[in-house]
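A.B. asks:
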Amino acid sequence: MTVSDWVRRTPWGIVVCTVFLLGMGLTAIARGDDLAGGRALMPRQFVWIVLALIAMIGATLPPYRVLRSWSYPAFWLSLFLLVVVYFMPSRHGAHRWIPLGPVSFQPSELAKLAYIFALAHYLMHRRNYRRLTGLLIPFMLTLIPVGLVLREPDLGTSLLFIPVLFAMLFAAGARPRHLLLVCALGVAFAPVLWVGMSAEQKSRVVTLFLQRDGGPTPRGDGYHLHQSKRVLALGGVWGSELTGPATFESAAYHLPAARTDFVFCLIGERWGLIGCLATLIVYAVLFARGLLIAAATREPFGRLLAVGVVTLLASQTLINAGMTVGLMPITGMTLPLVSYGGSSLLTTCLALGLLINVGMRPGYEVAPEPFRFAPDE
């Protein structure tokens, strides 16, 4: 592919949305640096952004079909790394990172992308998942990484695999009534999941239902939720960037993990309600453009890959934004393209690069017509 072809075929809507969100993240992290008064993370995030954009461009260069043969090896490698992480030193009581000199690598980020590749490869030309018993292997492929990530413990990341599975099965042609039945079974087995959760994970779920506005500042997990809503509210409609700080009381701005898990609160404090709405609208445009790419792709592997990437990033966005306002349990989950962190940013930009890759090559290869079934099949 020549440079002119690359420029002409690139879905620039995704690129523009990506750049906007990266810029919004830098402004939020810079505001967090001002409020924290300690080590500045914005310059380091800028370096990660440069590396991530290079990775995103690199992901668009080879035809995505070439990468299909690496789907299963990458998936098994990610599972191996999810086991290796248990033998690494814990950080804040969790085993999520593998130290690599001055930086740390989070295997669960790689596992999300490798899982999408493996599932897309498995589903692309099969029909057995049209039967209820045929859903067994896709669910087994899902439960293995979910269990490993949940034991780190990382409740937030483990939750992301489930919507990706259902979206890709639906896109591949699984019967909706079978998926609804599986959902019902999942609800029935929820008590088993609850028993297997750590005390910290249970506390965060309970806190969601015990939250209340007003009164004294709560302690424990309730403090994080209380402060996230408080910092978000301090921005008002227009934010401190335009109207000035709402208060000069330093305790009002104290928010643990403000530049990572709760960066959406910093957007609200600096840019107000308008900034939050603009950010969510850009996310919606990004995901809608991704779904249009999936709909226009004739090749089944590419279509499933696009659906998986969009579902992954959309689920992560909804969970992160929801937890900051008390609609979802607090989890250690970053906001795609906005939160500080190298592993998450690199994985997200790689995923978007693959989405752009699919959008640049929507042609159909010599293979059966994708996902068209007779009523009795």
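In the numbering used here, each residue's number is its place in the sequence shown (first place is 1) plus 836.
Where a beta carbon is used, it is the ideal one built from N, C-alpha and C, also for glycine.
#1: Tell me whether the stretch 987 to 996 and the stretch 1166 to 1185 touch, counting them as touching only if at least three CB pairs, one residue from each stretch, are closer than 8 Å.
#2: Using DSSP with H/G/I as helix, E/B as strand and the rest coil, what is Leu-936?
#3: Tell me the rounded alpha-carbon separation between Phe-856 and Ile-998.
#4: Report the rounded CA-to-CA distance for Tyr-958 versus Ala-1024, giving the unit in angstroms.
#5: Provide the residue(s) that pair with Phe-941 in DSSP beta bridges, ordered along the chain.
#6: Do you know whose CA, among Ser-940, Tyr-1119, Ala-895, His-1014, lies nearest Gly-970's CA?
#7: Can you give the Cα-Cα distance for Ser-940 and Gly-1108, rounded to whole angstroms?
#8: Applying the 10 Å Cβ sphere with the 16-neighbour rule, what's the burial state of Phe-1137?
#9: Can you give me the C-alpha to C-alpha distance between Ile-1216 and Ala-1124, rounded to a whole angstrom?
#10: Between the Cα of Pro-989 and the Cα atoms of Ala-1007, Ser-907, Arg-927, Pro-1081, which residue gives the shortest distance?
#11: Can you give me the Cβ contacts of Pro-1012 inside the same chain, cut-off strictly under 8 Å, excluding the 5 residues immediately before and after it?
#12: How is the alpha helix (DSSP H) around Gln-1152 delimited, first residue to last?
#13: Would Ser-1086 count as contacting chain D if we go by Cβ distances under 9 Å?
#14: For Arg-927, which of helix, strand or coil comes out of DSSP?
#15: Specify the secondary structure class of Gly-1257 as computed by DSSP and reduced to three states.
#16: Can you round the beta-carbon distance between Gly-1104 and Leu-1068 to whole angstroms, since I take them to be within the 8 Å contact cut?
#17: Excluding sequence positions up to five away, which residues of its chain have a Cβ less than 6 Å from the Cβ of Glu-1201?
#18: Among residues of its own chain, excluding the 5 on either side of Trp-1030, which ones have a beta-carbon nearer than 6 Å to its beta-carbon?
#19: Looking at C-alpha atoms only, which residue of Tyr-1176, Leu-1127, Tyr-900, Pro-879 is the closest neighbour of Ile-850?
#20: For my contact list, Pro-981 and Leu-913 are in at a C-beta cut-off of 8 Å; report their separation, rounded to the angstrom.
#21: Identify, in the order they occur along the chain, each residue of the same chain with its Cβ nearer than 6 Å to the Cβ of Arg-1296, setting aside the five sequence neighbours on each side.
#22: In the DSSP assignment, the alpha helix (DSSP H) including Pro-841 goes from what residue to what residue?
#23: Kindly indicate the opening and closing residues of the alpha helix (DSSP H) around Thr-1079.
#24: Taking Gly-983 as the reference, which of Ala-1020, Leu-915, Gly-937, Leu-946 has the closest Cα?
C.D. replies: Result, derived from the coordinates:
#1: yes
#2: strand
#3: 28 Å
#4: 28 Å
#5: Ile-934
#6: His-1014
#7: 33 Å
#8: buried
#9: Absent from the structure is residue 1216, since the part of the chain shown begins at 837 and ends at 1213.
#10: Arg-927
#11: Phe-1006
#12: 1136 to 1160
#13: The structure shown contains no chain D, having only a single protein chain.
#14: strand
#15: With the chain covering only 837 through 1213, there is no way to say anything about residue 1257.
#16: 4 Å
#17: With a pLDDT of 47 at Glu-1201, under the threshold of 50, the modelled position of that residue is not reliable, and no figure is offered here.
#18: none
#19: Leu-1127
#20: Rounded, the Cβ-Cβ distance is 12 Å, inconsistent with contact.
#21: In the structure as shown, the chain starts at 837 and stops at 1213, and residue 1296 therefore has no counterpart that could be examined.
#22: Sequence inspection shows Asp at residue 841; the Pro mentioned does not correspond to that position. Where Asp-841 is concerned, the enclosing alpha helix (DSSP H) stretches over 839 to 845.
#23: 1076 to 1079
#24: Leu-915
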